[in-house]
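Structure record follows, encoded as structure tokens.
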Amino acid sequence: MPTELVMTHEAVPGFFGRLIDEGPVMGPRERARQPGFHHFDWLDSADDLVLEYQTTTIPPKKAFFPPRDVLFEFDLTDPPEFRAVRDATPFTLVGVHPCDLEGLRLLDDAYAQEPAEACWPANRARARIIGVDCTPDEYCFCTSVGSCHSRAACDLFLTPIERGRLVEVLTGAGEEMLRVSDVTEASDEDHAQAQQWRDDKEAAVTAGLDASPAEFADLLATGDFTDIWHEISSRCYSCGSCNTTCPTCFCFDINDEFDLGLTGGRRVRTWDSCQLAEFALVAGGHNFRRLRWQRVKHRWHRKFDYLYREFGTPYCTGCGRCSRACTADINIVDVSNQIIEAARQGVQG
Ligand code: SF4
Ligand code: SF4
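Right, here's the structure in full:
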């Protein structure tokens, strides 16, 4: 391992159909009310699966970290009773792009920090993952942050070739998934076509940061760039869409919901966003980032500075989701390059 095999176009539906017959499979499918747009969802049949799709709005992290997650239920008896409601069913996540594979890897690291978070690794252990290669659009900048050819976190990875898909077998779980599948050895020609696909993909990435992640982290720390943050934040609505669509954002809030009779309820975890006005509001009414420009600045430092220094990699996979989602047209590449240029010119304030 890794081994490379070929699955022909004719064999692909049968392979995914068998996986769906064996257990739950989540993958990209077309939105019922938005033809041409795709989302990760549970698949009823192989016909639902779309392997060639433009990046989804919500990343596949939702398979392991749902937007709303019931952690446990409770009864207010004396003593109180707690009931675990965690789903332990194994499932398969398919059709994950390289940038999103990298996003899963980054969340593996983030949630493993002490005190380690328990739900993410438990959910990750339930899943087998199949990655697929993709075609960039004008928002993608994976080549700037090292995620363009990521194979992190996946068991099988599929690359389009003339006669079907080149299948990289990356783990024993991947080998197991192929056990009764119609696959053959890859020829030199198959390898060459897959490499050509990767080269073409890289060449098709048109957006990019004007500095390496290491240099950008250093440049961000050279000044406050307050004028730039003021200008960007004057357009920002503090809607939080840039966070909720991000494959590497991992913040959440926890609330207890009580039944109407006040005899019990459930503890619920929901996605949170550092761009929302109340995110840094603490007891006593103090808000550590009350002003919008402070929150906008925080997002950039979080992605490219603080977490870069902690993990040695930017917490951005170059997926472009935040730029696509922003109704104020705040583009992460444009703003980053504005900062890079200002820092190189010695702008401090
Ligand atoms: S999506 Fe755009 S408008 Fe909304 S919080 Fe993010 S930067 Fe601001
Ligand atoms: S910050 Fe934006 S481009 Fe980077 S990973 Fe998050 S959504 Fe994707």
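Just so it is clear: in the sequence shown, position 261 is 739 by the numbering used here, and no numbers are missing. Every residue, glycine too, gets a C-beta built ideally from N, C-alpha and C. All values derive from a computational prediction rather than experimental measurement.
- By the CB criterion at 8 Å, Phe619 and Val683 fall inside the cutoff.
- Closest option to Ala596, judged by alpha-carbon separation, among Gly798, Ile817, Phe542: Phe542.
- In this structure, the straight-line span from the alpha carbon of Asp553 to that of Leu740 is close to 9 Å.
- A direct Cα-to-Cα measurement between Phe766 and His627 gives close to 38 Å.
- Beyond the five residues adjoining it in sequence on each side, Gly652 comes within less than 6 Å, by CB distance, of Asp633, Leu634 in the same chain, given in chain order.
- Counting only unbroken stretches of 3 or more residues, the beta strand (DSSP E) elements lying wholly within the region 608-645 are 634-639, in sequence order.
- Annotation for Cys724 indicates a beta carbon within 7 Å of some heavy atom of ligand 2.
- Restricting attention to Asp615, Val610, Ala681, Val623, the CA atom closest to the CA of Arg629 is found in Val610.
- Collapsing the DSSP output to three states places Ala803 in a helix.
- At a threshold of 7 Å, Cys752 does not count as near ligand 2, since its beta carbon sits no closer than that to any of the ligand's heavy atoms.
- For the pair of segments examined, the region 719-732 was found to touch the region 576-595: the number of CB pairs separated by less than 8 Å reaches three.
- At a threshold of 7 Å, Lys539 does not count as near ligand 2, since its beta carbon sits no closer than that to any of the ligand's heavy atoms.
- By a beta-carbon distance limit of 8 Å, Cys800 does not contact Arg780. Their separation comes to about 12 Å.
- Around the beta carbon of Phe736, fewer than 16 other beta carbons sit within 10 angstroms, so the residue counts as exposed.
- Here Arg496 is exposed. Its C-beta has fewer than 16 other C-beta atoms within 10 Å.
- Taking 8 Å as the cut-off, the Cβ atoms of Val661 and Thr570 do not count as close.
- Taking the CA atoms as reference points, Arg561 sits about 25 Å from Lys539.
- With fewer than 16 neighbouring CB atoms inside 10 Å of its own CB, Glu530 falls in the exposed class.
- A check of alpha carbon separations from Asp556 across Gly742, Ala681, Ile808, Ile817 identifies Gly742 as the nearest.
- Residue pairing by DSSP places Ala562 opposite Phe550 in a beta bridge.
- A direct Cα-to-Cα measurement between Val623 and Asp666 gives close to 30 Å.
- Residue side-chain check: Ser716 places its Cβ nearer than 7 Å to a non-hydrogen atom of ligand 1.
- Counting the other CB atoms within 10 Å of its CB gives Pro513 a total below 16, which places it among the exposed residues.
- Within its own chain, the residues whose Cβ lies closer than 6 Å to the Cβ of Ile818, once the five positions on either side in sequence are excluded, are Asp688, Ala689, Leu697, listed in chain order.
- When secondary structure is reduced to three states using DSSP, Gly718 falls in the coil class, being assigned neither helix nor strand.
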